[in-house]
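Data first, discussion second: the structure below is written as structure tokens.
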Amino acid sequence: MEIWINPRCGKCRSALTELDAVGAKYTVRRYLEDPPTAAELEEVLGRLLLEPWDITRLDEQAAKDLGMKQWPREDGERARWIAALAEHPILIQRPIITADDGHAVVARTPDAVRSVLPG
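Per my numbering, the very first residue in the sequence shown carries number 56; after that it's consecutive.
Right, here's the structure in full:
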């Protein structure tokens with residue numbers, strides 16, 4: 056299992072606390088220091104069953120500068136959204152946990168974190 060975090064984020068720290076409380080084995084990826092590629096974002100979005108606009112932090116300054124709130128949210132625009140997330144990883148919602156069983160969650164609640172834990 057891998058968790059994408061920003062160490063300054065309270066939701067990320069809470070998710071790590073939840074994982075540690077049950078002794079879960081995981082790898083931490085500080086995605087601002089080690090940004091995901093467009094291909095990695097595509098793969099994670101497939102596991103999340105979400106679209107790139109679903110995991111975009113539109114209130115970040117980079118999103119405002121790009122005018123992303125006005126960007127179309129349709130299949131033909133996916134690559135544009137993914138490219139923006141890859142170029143500006145601060146825009147990626149966090150934390151994201153990719154589970155060993157193949158699915159993934161945006162782990163902003165304790166229930167979401169628990170949903171990726173084995174049995």
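We put the beta carbon where it would ideally sit given N, CA and C, even for glycine.
Coil, strand or helix - residue i by DSSP
i	result
residue 63	coil
residue 72	helix
residue 136	helix
residue 166	helix
residue 102	helix
Cross-strand partners of residue i (DSSP beta bridge)
i	result
residue 57	82 and 153
residue 161	151
residue 111	147
Closest residue to residue i among the options (Cα-Cα distance)
i	options	result
residue 128	59, 152 and 109	109
residue 130	76, 107 and 96	107
residue 82	60, 92, 96 and 103	60
residue 133	65, 68, 64 and 96	96
residue 158	85, 100 and 67	100
residue 80	163, 155, 87 and 143	155
residue 85	121, 116 and 151	151
residue 173	78, 70 and 66	78
residue 87	70, 76, 102 and 62	62
Rounded Cβ spacing between residue i and residue j (contact assumed at less than 8 Å)
i	j	result
residue 168	residue 74	7 Å
residue 175	residue 115	Because the chain spans 56 through 174 in this model, residue 175 falls outside it and cannot be assessed.
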